[in-house]
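Residue numbers (the numbering used here): 21 to 547. Ideal placement from N, C-alpha and C gives every residue a C-beta, glycine not left out. Remember, predicted model here, so these are calculated numbers, not experimental data. Scroll down for the structure; my scribbles are underneath it.
This is the structure in structure tokens:
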């Protein structure tokens with residue numbers, strides 16, 4: 021008899037009684053833990069479906085025999101309501117300040133966790149992934165999770181939500197027939213890249229996660245290296261890596277619903293970057309996981325000296341990646357991208373290399389005669405960097421997948437630098453910057469910024485995390501790790517200061533390597 025499945029998540033403070041466990045898969049990616057719930061009924065079992073050792077398992081699938089009568093089902097739910105009401109699922113967002121603290125957090129609060137959970141749930145049920153027809157992204161989840169992680173208050177959460185909800189598009193109803201077809205065949209290639217199918221993809225991935233768990237769904241639909249999975253992986257990097265950032269938040273904060281959103285979001289983005297750059301560069305590199313011989317800093321310097329590549333983009337290009345670098349110098353870009361590789365024994369070092377250098381080129385691309393500003397496109401490379409400290413260590417993912425993701429991230433960072441005109445990087449713009457605030461003050465200011473839609477809070481958190489991630493490698497010197505020591509705090513201050521007084525203006529500049537981007541930035545005040 022086919023059992024009834026319900027996906028639940030246990031708080032880590034709860035320790036279900038372990039009766040036994042087994043590893044049923046040949047590759048041992050899946051642990052199965054048999055647990056007994058409080059108030060269990062005869063014939064009711066729960067299996068943990070993640071890769072953590074049994075004593076640390078927090079995700080379970082509750083199996084209720086279909087022969088169980090309705091009254092018994094109700095009694096089971098009532099007896100376990102304390103658990104069921106505090107569980108994050110593919111359809112319910114539920115944060116806990118005890119268990120969902122993320123890769124980097126400071127002073128997270130339980131009342132803020134509740135406020136964020138409520139707002140995120142409302143957002144998921146009420147708003148579309150894009151807030152207009154041009155594909156501009158709904159940043160509410162990124163904003164609220166960043167504020168929560170930085171120790172913001174419930175008032176900060178509510179203010180950010182209200183500030184960014186008025187212009188959102190309403191959710192679009194799903195089409196039952198399309199969802200049923202997806203679930204029946206598992207083949208959805210004909211719907212990829214079509215925005216109207218976002219609600220259908222969301223429903224599909226929610227059901228898949230309900231039945232299989234997050235790890236299994238990621239491995240099947242994103243990392244399996246089948247034709248469909250490769251298509252999805254390419255789309256994960258579209259839209260200024262917003263699907264990737266969304267996935268990172270879902271995994272970091274243990275929220276299956278946000279993972280489902282991320283997969284649905286990826287499905288309706290284009291796959292151009294993957295097809296035009298990542299897959300060809302991977303082939304040129306000789307495959308995945310080759311030893312990396314050049315740091316990101318070395319490659320950035322070589323690219324800037326290569327006039328074919330450094331001059332491949334014009335300020336008049338509407339899309340500076342598509343119409344610029346990948347139109348005028350595609351092969352040159354692929355050749356440099358192929359040189360960024362990561363072997364198994366280089367993961368931690370290359371992770372720090374990537375984080376350090378994207379923070380560096382974002383912060384050091386300044387004009388000494390102008391007020392400090394950060395580039396809107398560059399900050400996405402920084403804001404996505406934090407999640408690789410999670411992705412690089414998820415046990416559900418194979419080592420091959422982890423290496424591939426890190427290689428693609430480094431290649432994305434090289435492409436982004438070229439696409440914004442290869443700006444000159446001035447290290448003394450960072451080393452000479454005055455420190456007025458400590459990290460805790462910077463976190464509070466980012467969490468309560470009056471107009472931020474999440475980009476500033478994400479940047480400050482990613483920079484603070486970068487300090488921790490890169491510290492073990494600072495001894496390699498500035499040529500490999502250009503940001504070190506107090507420079508991290510200086511960058512945090514620079515980021516906050518660059519947005520002061522911009523409540524009615526532009527917080528960021530766009531395409532920092534071009535003179536035109538700086539025309540309306542005020543001159544720098546001199547003492």
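Below 9 Å between beta carbons: does that hold for residue i and residue j?
{"i": "residue 270", "j": "residue 281", "result": "yes"}
{"i": "residue 189", "j": "residue 150", "result": "yes"}
{"i": "residue 255", "j": "residue 288", "result": "yes"}
{"i": "residue 430", "j": "residue 259", "result": "no"}
{"i": "residue 117", "j": "residue 130", "result": "yes"}
{"i": "residue 445", "j": "residue 515", "result": "no"}
{"i": "residue 285", "j": "residue 262", "result": "yes"}
{"i": "residue 425", "j": "residue 412", "result": "yes"}
{"i": "residue 330", "j": "residue 397", "result": "no"}
{"i": "residue 277", "j": "residue 410", "result": "no"}
{"i": "residue 273", "j": "residue 170", "result": "no"}
{"i": "residue 507", "j": "residue 433", "result": "no"}
{"i": "residue 324", "j": "residue 442", "result": "yes"}
{"i": "residue 297", "j": "residue 350", "result": "yes"}
{"i": "residue 341", "j": "residue 427", "result": "no"}
{"i": "residue 320", "j": "residue 363", "result": "no"}
{"i": "residue 551", "j": "residue 482", "result": "The chain is shown only over 21 to 547; residue 551 falls outside these bounds and no answer can be derived."}
{"i": "residue 541", "j": "residue 435", "result": "no"}
{"i": "residue 414", "j": "residue 511", "result": "no"}
{"i": "residue 196", "j": "residue 211", "result": "no"}
{"i": "residue 253", "j": "residue 279", "result": "no"}
{"i": "residue 384", "j": "residue 447", "result": "yes"}
{"i": "residue 322", "j": "residue 314", "result": "yes"}
{"i": "residue 128", "j": "residue 416", "result": "no"}
{"i": "residue 355", "j": "residue 115", "result": "no"}
With DSSP run on the structure shown, which of helix, strand or coil describes residue i?
{"i": "residue 472", "result": "coil"}
{"i": "residue 204", "result": "helix"}
{"i": "residue 540", "result": "coil"}
{"i": "residue 310", "result": "coil"}
{"i": "residue 177", "result": "helix"}
{"i": "residue 221", "result": "helix"}
{"i": "residue 160", "result": "helix"}
{"i": "residue 50", "result": "Confidence in residue 50 is poor, its pLDDT being 31 and thus under 50, which makes the residue's placement unreliable; the coordinate value appears in the next sentence. Three-state result, residue 50: coil."}
{"i": "residue 511", "result": "helix"}
{"i": "residue 534", "result": "coil"}
{"i": "residue 148", "result": "coil"}
{"i": "residue 65", "result": "Residue confidence is low: residue 65 scores 43 on pLDDT, short of 50, so the model does not pin down where it sits. Its coordinate-derived value is still stated next. Three-state DSSP puts residue 65 in a strand."}
{"i": "residue 232", "result": "helix"}
{"i": "residue 78", "result": "Bear in mind that the predicted position of residue 78 carries a pLDDT of just 37, short of 50, making it too unreliable to give a figure here."}
{"i": "residue 190", "result": "strand"}
{"i": "residue 492", "result": "helix"}
Quick test of your reading: residue i and residue j, contact by CB under 8 Å. State the CB separation rounded to the nearest angstrom.
{"i": "residue 312", "j": "residue 360", "result": "7 Å"}
{"i": "residue 479", "j": "residue 403", "result": "6 Å"}
{"i": "residue 421", "j": "residue 243", "result": "5 Å"}
{"i": "residue 174", "j": "residue 135", "result": "4 Å"}
{"i": "residue 172", "j": "residue 119", "result": "At roughly 18 Å, the Cβ-Cβ gap does not stay under 8 Å, so residue 172 and residue 119 are not in contact."}
{"i": "residue 191", "j": "residue 157", "result": "15 Å between Cβ atoms; not a contact."}
{"i": "residue 209", "j": "residue 152", "result": "Actually they do not touch by this definition, with Cβ atoms about 27 Å apart."}
{"i": "residue 484", "j": "residue 459", "result": "6 Å"}
{"i": "residue 573", "j": "residue 475", "result": "Residue 573 is absent from the structure shown; the chain starts at 21 and stops at 547."}
{"i": "residue 213", "j": "residue 290", "result": "6 Å"}
State whether the segment 112-131 contacts the segment 484-493, with contact taken as three or more CB pairs (one from each stretch) at a distance under 8 Å. yes
Contact between the segment 454-474 and the segment 328-343 (3+ Cβ pairs under 8 Å): no
Quick check: the segment 225-236 against the segment 298-315, are at least 3 beta-carbon pairs closer than 8 Å? no
I'd like the ranges of any alpha helix (DSSP H) spanning at least 4 consecutive residues and lying wholly in the segment 436-483. 448-451 and 459-467
Only counting runs of 4 or more residues, tell me where the alpha helix (DSSP H) segments fall wholly within the segment 361-449, in order along the chain. 367-384, 396-405, 408-411 and 419-439
Are the segment 373-391 and the segment 467-477 in contact at 8 Å, needing three or more beta carbon pairs? no
Three Cβ pairs or more, each shorter than 8 Å: is that satisfied between the segment 172-181 and the segment 197-207? no
Do the segment 140-147 and the segment 160-178 make contact, defined as three or more Cβ pairs closer than 8 Å? Here the segment 140-147 makes contact with the segment 160-178; the two share three or more CB pairs at distances below 8 Å.
Can you give, in chain order, each stretch of the alpha helix (DSSP H) that sits fully within the segment 241-304 and has at least 4 residues? 247-256, 258-272, 276-287 and 299-304
Does the structure place the segment 365-381 close enough to the segment 496-516 that three or more beta carbon pairs sit under 8 Å? The segment 496-516 vs the segment 365-381: in contact.
Taking only runs of the alpha helix (DSSP H) that begin and end inside the segment 106-151, which ones reach a length of at least 4 residues, in chain order? Runs found: 130-146.
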